[in-house]
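S.K.:
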DNA sequence: TATGAATGAGCATTCATTCAT
DNA sequence: GATGAATGAATGCTCATTCAT
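Chains as they are written, first to last, in my numbering: chain A, 1 to 210; chain B, 1001 to 1210; chain S, 2001 to 2210; chain U, 3001 to 3210.
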């Protein structure tokens, strides 16, 4: 029933679902098998060990799922920056964060499992992180050239924003607080662009432009 | 050799160390025993099950370790705000973040294990999170009354800053990048207080004071 | 090799054998596994804990083995009573006691283990005991109506006979005395029917009929 | 507090109590220690192993407790027989059975543990059983010579009575039925002396005297 | 190819026993 | 003598993995 490629895919999907819910060690292979309606042996037909299955899950997450959620088609970011349309940029960002929040499983597995598998961490993180950083730093630099962003270390600038957004997503997904992602994002973007300091503080601080 | 309270404490310390390194499931009870130089049976004398040991570890982390790293004696934060001394406040913050970064094990265990233990999450998170939030929101509100901070939802304001700092700590501790915590914090604080937007952007945006 | 039902049955049979020989606590799960030629894990495939295996053993003993040894098809006892054939009745009894004596393991486990498991005792004893009592008291009452037995509390009457027989079976099976079950039964039945008192004693005692 | 002999005795008493309640394997040495208010190590000061403690318990049961419950001062039984007083004999028996029923722990331990310890069984059973048998068979033979009892194999005669009484005691102590020991004994003795068969049956059976 | 019964190494847990104080 | 903290061999139980069908 269904060809073997489809079976393989169903196994991966069940593994993602359960690894996210219960962790790698907390998930039994028989649970994965039952979840996708195959026999335990079938899982091992496609993935010789459970660790091999984890590797495939992480590979899919890093090469397909997360890029699909985060990365943009070439030039789209540039176009957005070039458009000088703040509202369009915000809408774009909101849609992206919303999708990420709704597909948090992939991130959860990544964050949890990479900690304990130095080799996988090196193998895959070296692929994903630079790609994302390149993209968002590219965005920041483009904005900077356009005169939107201050001349700050782009890695820190970008990481800080991601951190603020990430904390909101965790607030929603881990602490299960009932947040309106879009409304929260509005405030986060405001803080990010304008800071929390009053004019007085800002005057006493770093001069923004010149 | 040594009284039983000391033995108990040694077991907890080894458990914290190893749970942080290898995760709960990845740590064998005999490893904990060997790490602190007792027999395996001794571990079970004090903690009837491995899960019970985890509960005690989490309890210690939440009731002692993290409060010791984060919370301040009554009034100290107020004093800092009242002093109108930005440098002192920064120094205070740097010292705090540095300590947290240096004692990251506790946070790692908390973040990793609470995900899979809904009951423990409810039991303990309800203690820790409100305490920290109260403290930092108190700080933000105090600063706001002093005219330092804008009138923004303090939960989001504070969470965003913690998120930015947190991401830096992860950058250092999980990705093992070689960061100068103090220098990074300088930039993060700058971003937080002043935003990343240029004057032009800010002029087009929300009016800060009025 | 053999289907799973057969494996389950082999495990139960080995458990009965070994629990009878060495007691529940005295029997290791690996011994049961080896005795029936499976791996230790296989035992736990079918019976999630050793206690669960004991419950199944007791259940089988109570619902199948002992009823198979003791209970009679409907009406057979009545027929025997109606036949007025003392020799046939004796032969029937001898055959029954012999089978019980030869299959004493089941009784041994029952007697030994139920003592320590109040819940199992209630669960199962409430099934077995009333069934047996009903059968034998039915037999006694039928014989009484036929004029064979005196008008004595049937519970005590029956229990006394069972006690006498039981003691003989224990004498043989626990003390390992080399007894001829049939010959012993002859004497026990004689005592039971006629008492041990001489005519003089009986004359001084309860008048039998009148 | 208390001399060492008394401590030893308290340990034995606790062991008897708990072995009867939960079995030898089901009783932990620390439970025995707590039950009699000493440290676990103290138990091992007096009895080098748990098995050694069991041996001492069984020894006490066989050499002291059960003889104290069962055996009679020399000649007392003879006197009772010689007195030709059925009521006195019955009263004597009732008192004895009642005491046995009330002190059933000792028997429980004996019955349960001897099964699994062939060496102990041989060592001690060889002492107790012949003593009891000798006494009761002596009683039966004395009664036979006095013309009270029929000329039946005294071992079987006596064992049958003990079996009937024993079953009543089990009925009370194991099945927890609420029985009046004395009233039950009346009926059992009646059955034992007179049989359950009617005159017709007895006439058709073995001639009692001749 | 798919199955699921069977496997057994690995691990948590128990508890009689030891021994320094 | 008495204590009770510490021990570690013994054992119940788990679960990834194998393989005959």
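Glycine included, every Cβ here is placed at the ideal spot set by N, Cα and C.
Which residues, in chain order, does the segment 102-129 of chain A contribute to contact with chain B at a C-beta distance below 9 Å?
M.R.: The residues in question are 108, 111, 112, 114, 115, 116, 121, 125 and 129.
S.K.: For the segment 144-161 of chain A, which residues have a CB atom closer than 8 Å to at least one CB atom of chain B, in sequence order?
M.R.: Hits within the stretch, in order: 147, 148, 149, 150, 152, 153, 156, 157, 159, 160 and 161.
S.K.: Ends of the alpha helix (DSSP H) at residue 131 (chain A)?
M.R.: Note, residue 131 (chain A): alpha helix (DSSP H), 126-145.
S.K.: Suppose only complete runs of 4+ residues qualify. What are the alpha helix (DSSP H) ranges in the segment 45-127 of chain A, listed by chain order?
M.R.: List check, alpha helix (DSSP H) in window: 50-60, 66-70, 76-82, 86-102 and 104-114.
S.K.: Checking contacts by CB at 8 Å: is residue 2191 (chain S) closer than that to chain U?
M.R.: Yes, its Cβ sits closer than 8 Å to a Cβ of chain U.
S.K.: Quick one: using the 10 Å Cβ neighbour count with 16 as the cut-off for buried, is residue 150 (chain A) buried or exposed?
M.R.: So residue 150 (chain A) ends up on the buried side.
S.K.: Going by beta carbon distance, what residues of the same chain come within less than 8 Å of residue 2189 (chain S), once the five residues before and after it are set aside?
M.R.: Within the same chain, residue 2189 (chain S) has close Cβ partners 2090 and 2093.
S.K.: Listing by chain order, which chain A residues have their CB less than 7 Å from the CB of residue 1022 (chain B)?
M.R.: Going along chain A in sequence order, the residues near residue 1022 (chain B) (Cβ under 7 Å) are 116.
S.K.: For residue 2031 (chain S), which of S:2014, S:2047, S:2046 and S:2173 has the nearest alpha-carbon?
M.R.: It is S:2014.
S.K.: For chain A, find out if any of its Cβ atoms is closer than 8 Å to the Cβ of residue 1206 (chain B); answer yes or no.
M.R.: Caution is warranted here: a pLDDT of 48 is assigned to residue 1206 (chain B), below 50, making its placement in the model unreliable, and no coordinate value can be reported.
S.K.: Please classify residue 3209 (chain U): does DSSP put it in a helix, a strand, or coil?
M.R.: Low confidence applies here, because residue 3209 (chain U) scores a pLDDT of 45, under 50, leaving its location unreliable; read the following figure in that light. In the structure shown, residue 3209 (chain U) sits in coil (DSSP, three-state: anything other than H, G, I, E or B).
S.K.: In the DSSP assignment, find the alpha helix (DSSP H) that holds residue 155 (chain A) and state where it starts and stops.
M.R.: That run of the alpha helix (DSSP H) goes 154-173.
S.K.: So which residues on chain U does residue 2168 (chain S) lean against when the C-beta distance must stay under 9 Å?
M.R.: Near residue 2168 (chain S) (Cβ distances below 9 Å), the residues of chain U are 3156, 3159, 3160 and 3163.
S.K.: Would you tell me roughly how many angstroms separate the C-alpha atoms of residue 1116 (chain B) and residue 58 (chain A), rounded to the nearest one?
M.R.: About 19 Å.
S.K.: Could you tell me whether the Cβ of residue 2010 (chain S) comes closer than 8 Å to any Cβ of chain U?
M.R.: Chain U, which has no Cβ nearer than 8 Å to the Cβ of residue 2010 (chain S), makes this no.
S.K.: Tell me the DSSP secondary structure of residue 1041 (chain B) in three-state form.
M.R.: Correct three-state label for residue 1041 (chain B): helix.
S.K.: If you follow the alpha helix (DSSP H) that residue 1018 (chain B) is in, where does it begin and where does it stop?
M.R.: Run containing residue 1018 (chain B): 1004-1022, per the alpha helix (DSSP H) assignment.
S.K.: Exposed or buried, what is residue 3122 (chain U) when buried is set at 16 or more other beta-carbons lying within 10 Å of its beta-carbon?
M.R.: Classification for residue 3122 (chain U): exposed.
S.K.: Hey, residue 110 (chain A) and residue 61 (chain A) are a contact pair by Cβ (cut 8 Å); roughly how many whole angstroms apart?
M.R.: The pair is a contact, with the Cβ atoms about 6 Å apart (cut-off 8 Å).
S.K.: Find out if the Cβ-Cβ distance for the pair residue 965 (chain B), residue 138 (chain A) is shorter than 8 Å.
M.R.: Given that chain B is displayed from residue 1001 to residue 1210, the structure contains no residue 965 (chain B) and the question cannot be resolved.
S.K.: Determine the extent of the alpha helix (DSSP H) in which residue 1035 (chain B) is found, giving its start and end residues.
M.R.: Segment 1029-1035, the alpha helix (DSSP H) holding residue 1035 (chain B).
S.K.: Comparing the C-beta of residue 2084 (chain S) with each C-beta of chain U, is any distance below 8 Å?
M.R.: By this cut-off, residue 2084 (chain S) is not an interface position.
S.K.: Which residues in chain A have a C-beta closer than 7 Å to the C-beta of residue 1171 (chain B)? List them in chain order.
M.R.: Correct list: 159.
S.K.: Taking 8 Å as the threshold (C-beta atoms), are residue 2120 (chain S) and residue 2177 (chain S) in contact?
M.R.: Not in contact: residue 2177 (chain S) and residue 2120 (chain S) (Cβ atoms no closer than 8 Å).
S.K.: Got a sec? Which residues, its chain only, sit under 7 Å from residue 3211 (chain U) by beta carbon, not counting five neighbours each side?
M.R.: Absent from the model: residue 3211 (chain U). The displayed extent of chain U is 3001 to 3210, so no value can be given.
S.K.: Can you pull the chain S residues whose beta carbon is under 9 Å from the beta carbon of residue 3032 (chain U), in chain order?
M.R.: By Cβ distance, chain S contributes nothing, its closest Cβ being about 16 Å from residue 3032 (chain U), past 9 Å.
S.K.: Between the alpha carbons of residue 2170 (chain S) and residue 3156 (chain U), how many angstroms are there, rounded?
M.R.: When rounded, the distance between both Cα atoms is 13 Å.
S.K.: Interface residues of chain B around residue 175 (chain A) at Cβ under 8 Å?
M.R.: Those within 8 Å of residue 175 (chain A) in chain B are 1125 and 1129.
S.K.: Whole angstroms is fine: what's the gap from residue 3044 (chain U)'s alpha carbon to residue 1042 (chain B)'s?
M.R.: Cα to Cα, residue 3044 (chain U) sits roughly 20 Å from residue 1042 (chain B).
S.K.: Round the Cβ separation of residue 2133 (chain S) and residue 2106 (chain S) to the nearest angstrom and send it over; I've been treating them as touching at under 8 Å.
M.R.: So it is not a contact: roughly 18 Å between Cβ atoms.
S.K.: Hey, out of B:1012, B:1021 and B:1010, whose CA is closest to residue 112 (chain A)'s CA?
M.R.: Comparing Cα positions, the closest option is B:1021.
S.K.: In its own chain, which residues sit with a C-beta less than 8 Å from the C-beta of residue 1143 (chain B), not counting the 5 before and 5 after it?
M.R.: Result list for residue 1143 (chain B): 1081 and 1149, in chain order.
S.K.: Output needed for residue 3114 (chain U): all residues of its chain with C-beta closer than 8 Å, excluding positions within five of it in sequence on either side, in chain order.
M.R.: Closer than 8 Å at the Cβ level, and outside the excluded window around residue 3114 (chain U), lie 3058, 3120, 3121, 3124 and 3125.
S.K.: Going by other Cβ atoms of all chains shown within 10 Å of its Cβ, with 16 needed for buried, is residue 40 (chain A) buried or exposed?
M.R.: Residue 40 (chain A) is exposed by the Cβ-count criterion.
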